[in-house]
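*Asks:* Residue numbers (my numbering), protein chains in the order written: chain U, 1 to 110; chain D, 1001 to 1114.
Following this message is one structure expressed as structure tokens.
What follows is the structure, given as structure tokens:
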């Protein structure tokens, strides 16, 4: 069964600092998504990574995909409080379903 | 911009009661999904639906669950006899062409079973 693991599960970081969230998955897939979720809210699509080596950037967030290593990263540059949320990666399987990672709860403090 | 909508936003029910959660997918989408998220946990796939039939379902989606597209716009999830452990946020999603196409998520329905 496909497993998707994120680390860290919880990240408390100071404003202005950089950090990376890792998403490892256990089977072949060429597509991976990153979502943001605020407490009690829905899933906001951040990035769609469609192939090996894909890199996408939006503001202070940058996501990459290495399908050979079965690894995606979400890099945060110069964190600000507004980035505080839970971040999920989700792997597109060879069937119809997405398999979500465990989530990383990010808290940015002054 | 088209979006997936869900009603109600919050449903409270007694254990053993039936509930129906409703979703209106994006109008030109053909594939529909339900996911659930127990509080504080990850999002889990329940079922996918295409061409008026289930295309895949998870172990969670047992005989207590059913899905239906009763008309051209709504997509429903029915839980026949709710249990305490069914308390969760339920997300509907839709996509244009299923596999390898991005799924768009609705705002969710929070189900509380007492």
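Glycine included, every Cβ here is placed at the ideal spot set by N, Cα and C.
Since the structure is predicted, the reported quantities are computational estimates derived from the model, not experimental observations.
Pull up the distance between the alpha-carbon of residue 1048 of chain D and that of residue 11 of chain U, whole angstroms please.
*Replies:* Counting from one through the second chain, the residue named residue 1048 of chain D turns up at place 48. Counting from one through the first chain, the residue named residue 11 of chain U turns up at place 11. Cα to Cα, the separation comes out at about 33 angstroms.
*Asks:* For the beta strand (DSSP E) containing residue 36 of chain U, list its first residue and its last residue.
*Replies:* Indexing the first chain from 1 puts residue 36 of chain U at position 36. That run of the beta strand (DSSP E) goes 32 to 37.
*Asks:* Output, in sequence order along the chain, the residues in the stretch 34 to 46 of chain U whose CB is closer than 9 angstroms to any CB in chain D.
*Replies:* Under the 9 angstroms Cβ criterion, the stretch 34 to 46 of chain U contributes 35, 37, 40, 41, 42, 43, 44 and 45.
*Asks:* I need the boundaries of the beta strand (DSSP E) containing residue 1055 of chain D, first residue and last residue.
*Replies:* Numbered from 1 along the second chain, position 55 holds the residue referred to as residue 1055 of chain D. Residues 1053 to 1057.
*Asks:* Taking any Cβ of chain D, which residues in the stretch 78 to 90 of chain U have a Cβ under 8 angstroms from it, in chain order?
*Replies:* Answer set for the stretch 78 to 90 of chain U: 88 and 90.
*Asks:* Does the beta carbon of residue 55 of chain U come closer than 8 angstroms to any beta carbon on chain D?
*Replies:* If you number the first chain from 1, residue 55 of chain U lands on position 55. Not an interface residue.
*Asks:* Can you list, in chain order, the residues of its chain with a C-beta nearer than 8 angstroms to that of residue 1074 of chain D? Leave out the 5 residues immediately preceding and following it.
*Replies:* Position 74 of the second chain, counting from 1, holds the residue named residue 1074 of chain D. Closer than 8 angstroms at the Cβ level, and outside the excluded window around residue 1074 of chain D, lie 1022, 1023 and 1024.
*Asks:* Less than 8 angstroms separating the beta-carbons of residue 1095 of chain D and residue 1111 of chain D?
*Replies:* Within the second chain, residue 1095 of chain D is the residue found at index 95, counting from 1. Within the second chain, residue 1111 of chain D is the residue found at index 111, counting from 1. No; because the gap between Cβ atoms is not below 8 angstroms, this pair is not in contact.
*Asks:* Out of U/106, U/98, U/5 and U/14, state which residue places its alpha-carbon closest to the alpha-carbon of residue 1057 of chain D.
*Replies:* On the second chain, position 57 is the one that residue 1057 of chain D refers to. The shortest Cα separation from residue 1057 of chain D among U/106, U/98, U/5 and U/14 belongs to U/98.
*Asks:* Please return the same chain residues whose Cβ sits closer than 7 angstroms to the Cβ of residue 1108 of chain D, not counting the five positions on each side in sequence.
*Replies:* In the second chain, residue 1108 of chain D corresponds to position 108, counting from 1. Within the same chain, residue 1108 of chain D has close Cβ partners 1006, 1089, 1090 and 1091.
*Asks:* Does DSSP put residue 1084 of chain D in a helix, in a strand, or in coil?
*Replies:* In the second chain, residue 1084 of chain D corresponds to position 84, counting from 1. DSSP places residue 1084 of chain D in helix when its eight states are reduced to three.
*Asks:* Using the DSSP secondary-structure output, state which residues sit across from residue 1038 of chain D in a beta bridge.
*Replies:* Counting from 1 along the second chain, the entry for residue 1038 of chain D is found at position 38. Bridge partners of residue 1038 of chain D: none, in fact.
*Asks:* With DSSP collapsed to three states, give me the class of residue 49 of chain U.
*Replies:* The sequence position of residue 49 of chain U within the first chain is 49, counting from 1. Strand.
*Asks:* With a cut-off of 8 angstroms, do at least 3 Cβ pairs link the stretch 33 to 52 of chain U to the stretch 77 to 90 of chain U?
*Replies:* Output reads yes: the stretch 77 to 90 of chain U touches the stretch 33 to 52 of chain U.
*Asks:* Should residue 16 of chain U and residue 1042 of chain D be called a contact, given that it needs their Cβ atoms to be closer than 8 angstroms?
*Replies:* Mapped onto the first chain, residue 16 of chain U falls at position 16. Mapped onto the second chain, residue 1042 of chain D falls at position 42. No, these two residues do not count as a Cβ contact at 8 angstroms.
*Asks:* Where does residue 9 of chain U sit, in a helix, a strand or coil, going by DSSP?
*Replies:* On the first chain, position 9 is the one that residue 9 of chain U refers to. Correct three-state label for residue 9 of chain U: coil.
*Asks:* Under 8 angstroms between beta-carbons, which chain D residues line up against residue 99 of chain U? List them in chain order, please.
*Replies:* On the first chain, position 99 is the one that residue 99 of chain U refers to. Per Cβ cutoff of 8 angstroms: 1045.
*Asks:* Using CA atoms only, rank isn't needed, just tell me which of D/1026, D/1085, D/1010 and D/1064 is closest to residue 1038 of chain D.
*Replies:* Here residue 1038 of chain D corresponds to residue number 38 of the second chain, with the count starting at 1. Of the candidates D/1026, D/1085, D/1010 and D/1064, the one whose C-alpha sits nearest the C-alpha of residue 1038 of chain D is D/1085.
*Asks:* Residues of chain U with CB closer than 7 angstroms to the CB of residue 1103 of chain D, please, in chain order.
*Replies:* Along the second chain, read from residue 1 onward, the residue named residue 1103 of chain D stands at position 103. Within chain U, the residues near residue 1103 of chain D are 98.
*Asks:* Using a C-beta cutoff of 8 angstroms, does residue 1091 of chain D count as contacting chain U?
*Replies:* For the purposes of this step, residue 1091 of chain D is taken as the residue at position 91 of the second chain. It does; some Cβ of chain U falls within 8 angstroms.
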